[in-house]
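To start, the structure under review is shown below, and the notes come after it.
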């Protein structure tokens with residue numbers, strides 16, 4: 019059985035912990051199995067495998083997230099990279115093509131498509147399995163998941179089922195309603211649309227052929243940026259006749275805002291935090307290595323990261339998006355496939371960064387046109403490659419890379435580097451990449 | 019006319035902006051004359067000189083504050099350094115000895131002793147001048163300043179005057195009362211004790227001889243640490259017969275807590291701060307170079323510095339002290355006579371610091387036993403001295419100092435260094451100082 023997990027979102031609503039490269043699904047803030055906090059991504063993967071140890075997971079996502087996914091899940095999942103963000107229908111078509119042409123999956127195999135960000139219990143994945151069975155057994159070509167609504171929400175689309183059975187046909191779909199209309203839907207027995215679909219792989223490929231002339235994965239990838247932005251709901255589900263919906267009654271939270279995110283936390287504070295006894299219903303997440311002291315905070319969210327500090331009333335925190343859009347600051351912390359980086363200091367003509375390379379990893383071989391760089395090795399041992407010349411480095415060693423110098427470094431053990439960038443107008447765009455990989459020993463002096 | 023300004027206090031109540039070396043009087047958060055924020059220290063000095071352009075100012079303080087005072091006032095003031103903190107009577111005796119023996123001040127000259135931290139208008143210093151005139155004209159040996167109380171405060175000592183004239187004798191002193199007693203004092207026409215004294219220099223020296231056997235400044239300095247801790251009020255004022263009090267009715271704020279400090283700010287936010295329209299009566303000070311976003315904050319103080327982050331209800335902020343006492347973290351930002359340092363990153367075996375040296379300044383010539391250090395020059399030009407050998411440095415240059423290497427650097431222009439310290443158990447105690455000063459060209463290779 020194949021899972022396609024749609025991993026999108028810029029994560030502005032959970033600023034300052036989420037940013038352009040660290041979407042909310044990567045935040046390690048949920049209570050994990052072994053007491054260690056885990057991310058939404060890690061949680062969903064763990065839950066899928068707990069229900070079906072042989073399930074194969076493909077993550078459909080943009081380029082920016084690849085490194086973060088590899089950092090958290092390593093090689094355990096496939097990643098289908100969208101060259102551009104084009105909404106769910108093109109993303110699902112591309113992933114379907116990827117499964118057939120790159121992974122060799124049979125068109126008869128069941129596929130479940132689900133978002134990465136619902137906070138759910140194991141029973142949700144049992145329901146997904148049931149959906150897949152309904153799809154392959156021929157009950158309907160397309161199977162949806164309908165959440166039993168708990169309140170008249172304006173945030174969700176609604177599915178009007180044709181009867182009140184656990185599995186039923188679909189009368190019609192309704193877009194996000196206003197409060198009054200939502201109340202009427204609830205009286206009519208409507209269900210929230212959970213954004214989950216199950217079908218055979220061949221069904222997805224057929225729809226791709228019909229609507230966007232799909233032939234194979236590679237050619238779709240090439241013309242992906244020219245595809246129309248359209249959702250799977252609109253392009254497929256709302257037009258399908260052979261369709262059914264499975265009711266699901268378990269916990270299902272959309273943790274897209276600080277307010278709902280806080281509800282999933284199993285502790286009030288994460289990181290270096292002191293709260294005095296007059297704090298009430300307040301959640302604090304501190305990723306900085308300086309202490310946070312909260313006194314007399316009521317119904318608040320406090321979150322601090324290298325990107326900034328949020329101090330918000332819980333209810334107000336849902337209005338964060340426009341403010342964050344104005345803060346077009348540089349990303350100050352990011353997890354990458356090879357490790358992570360943290361911006362420590364930004365001055366007019368210099369920037370200081372802590373780079374952590376995981377053992378056995380290396381940076382791309384690259385150079386900068388407009389800035390010099392200096393590494394001080396703070397921890398670990400590694401092999402630097404500078405204009406084709408290899409050099410072993412140890413703690414306290416310094417590597418100077420003037421503008422134009424091609425450089426990379428390989429971590430023999432976990433490496434911590436303090437990198438000082440020097441020059442005017444330091445920019446992430448100023449990077450020329452070269453072939454050559456220290457791990458493969460392909461380049462040497 | 020001589021001013022002795024008592025500059026004490028650890029500044030715990032204004033954490034995280036104040037710390038052991040940056041007491042509250044150094045925080046540049048008050049609205050200055052030219053729109054630039056100024057500190058309490060800078061403000062008091064400016065106000066004194068505005069009233070009397072020839073006034074001489076001596077700051078009585080501990081060792082830790084010397085560098086900060088020089089940073090803000092340069093050589094404009096004298097500094098009388100207390101070898102240890104011993105309360106106000108010993109501090110005033112030492113300063114009196116310093117004025118006579120080190121500065122050659124006549125015993126007949128008027129001296130005004132005042133604290134560094136009241137937030138007052140110019141009229142306050144006019145009153146201080148009047149006090150000095152009363153003291154030298156012989157109205158009384160000791161002249162006090164009595165503040166007209168505006169409410170029955172439990173925070174202040176009270177002076178009971180013998181009549182209701184502008185200048186009157188003193189009936190008696192009262193320690194900080196409870197609320198009920200404070201109300202009675204107000205009905206009796208009592209005044210708050212402002213902690214200000216005026217007298218002739220000879221008067222102070224006489225009291226020093228009487229109580230602690232003062233002979234001269236140097237010998238008092240030597241045995242300072244053995245002196246009894248006692249306040250000037252208790253040791254002198256409360257026993258004095260030839261005493262009078264001058265009434266003062268102008269603005270007088272004790273800005274020792276965040277709540278009162280916020281009242282003096284002329285803006286709601288300092289630094290990179292965004293507050294949405296639902297914030298009410300909230301003050302935010304951000305010294306970090308990452309943005310702070312506040313939403314729906316009501317009656318709050320938010321303060322962020324390299325030492326930590328405070329998020330507090332205004333009323334609760336007065337109870338901060340015990341919490342801060344538990345956070346015995348390292349000082350992460352300090353202003354020194356030669357410039358400033360900011361701790362950027364602390365890891366198990368390394369620490370990264372930004373050092374800014376003002377033009378024409380240098381560090382002490384020193385070495386470390388247990389750590390290596392590496393400087394990357396981020397900005398400016400300078401002259402490094404390493405084990406006696408001089409070397410010119412420019413942006414991008416790297417200076418490596420293994421443990422034991424004697425080192426300093428002189429700033430030809432303002433210098434920014436990124437210093438990486440490497441080793442286990444990095445400590446400020448690990449420092450050996452040497453003679454040798456680059457400015458005087460006394461040491462060379």
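Protein chains in written order, with our numbering: chain A, 19 to 463; chain B, 19 to 463. Where a beta carbon is used, it is the ideal one built from N, C-alpha and C, also for glycine. If you're wondering where the values come from, they're calculated on a predicted model, not measured in any experiment.
For residue 337/A, the C-beta contacts it makes with chain B under 8 Å involve 294, 313, in order along the chain. Taking a Cβ-Cβ threshold of 9 Å, none of the residues of chain B is close to residue 287/A; the smallest such distance is about 12 Å. Exposed is the label assigned to residue 197/A, since fewer than 16 other Cβ atoms lie within 10 Å of its Cβ. Under the rule that a run must span 3 or more residues, the beta strand (DSSP E) segments found entirely inside the segment 404–462 of chain A read 407–411, 416–419, 425–429, 433–440, 450–452.
With a cutoff of 9 Å on beta-carbon distance, residue 309/A and residue 34/B are scored as near each other.
Note that the C-beta distance between residue 322/B and residue 294/B is not below 9 Å.
Note that the C-beta distance between residue 362/A and residue 433/B is not below 9 Å. In this chain, the beta strand (DSSP E) harbouring residue 132/A covers 128–133.
Under the DSSP assignment, residue 20/B falls in the beta strand (DSSP E) whose first and last residues are 20–25.
Restricting attention to alpha helix (DSSP H) runs no shorter than 4 residues, the segment 71–110 of chain B encloses them at 81–91, ordered along the chain.
By the CB criterion at 9 Å, residue 179/B and residue 186/B fall inside the cutoff. Just so you know, the alpha carbons of residue 422/A and residue 315/B end up roughly 49 Å apart. DSSP, read as helix, strand or coil, puts residue 401/A in strand.
As far as DSSP is concerned, residue 44/A takes part in no beta bridge. Contact between the segment 240–256 of chain A and the segment 143–154 of chain A is absent: fewer than three C-beta pairs spanning the two stretches fall below 8 Å. Only buried fits residue 225/B, as 16 or more other CB atoms lie within 10 angstroms of its CB. As for any alpha helix (DSSP H) of minimum length 4 sitting wholly inside the segment 203–287 of chain B, the runs are 219–230, 235–240, 250–253, 276–282, ordered along the chain. A Cβ-Cβ distance of about 6 Å is found for the pair residue 242/A and residue 112/A, placing them in contact under the 8 Å criterion. At a cut-off of 9 Å between C-beta atoms, residue 430/A does not count as an interface residue with respect to chain B. Counting only unbroken stretches of 3 or more residues, the beta strand (DSSP E) elements lying wholly within the segment 112–162 of chain A are 128–133, 136–138, in sequence order. Taking 7 Å as the cut-off between beta carbons, the residues of the segment 390–409 of chain B near chain A are 390, 392, 394, 396, 397, in sequence order. Residue-level contact check: residue 372/A touches chain B, since one or more beta carbons of chain B fall below 9 Å from its beta carbon.
Against residue 345/A, the close residues of chain B are 309, in the order they occur along the chain (beta-carbon pairs closer than 7 Å). Residue 32/B has a beta carbon lying at 9 Å or more from every beta carbon in chain A. Closest in C-alpha terms to residue 409/A, from the list 99/A, 392/A, 427/A, comes 427/A. Comparing C-alpha distances from residue 130/B to each of 73/B, 86/B, 167/B shows the shortest one belongs to 73/B. The bridge partners DSSP lists for residue 372/A are 360/A, 436/A.
Near chain A, meaning a CB-to-CB distance below 7 Å, the residues of the segment 354–373 of chain B are 362, 363, 364, 365, 367, 368, 370, 372.
Contact of residue 418/B with chain A by beta-carbon distance below 8 Å involves 414, 416.
Secondary structure note for residue 340/B: its alpha helix (DSSP H) is the uninterrupted segment 339–344. When DSSP reads this structure, residue 165/B sits in a beta bridge with 210/B, 266/B.
Judged by pairs of C-beta atoms under 8 Å, the segment 232–242 of chain A touches the segment 116–136 of chain A, as three or more such pairs exist.
In the structure shown, residue 381/A adopts coil according to DSSP, grouped into three states. Under the Cβ criterion of 9 Å, residue 306/A is counted among the residues facing chain B. Annotated as proximal: residue 330/B and residue 312/A, with beta-carbon spacing under 9 Å.
Residue 296/A sits in coil when the DSSP states are folded into three classes, being neither helix nor strand.
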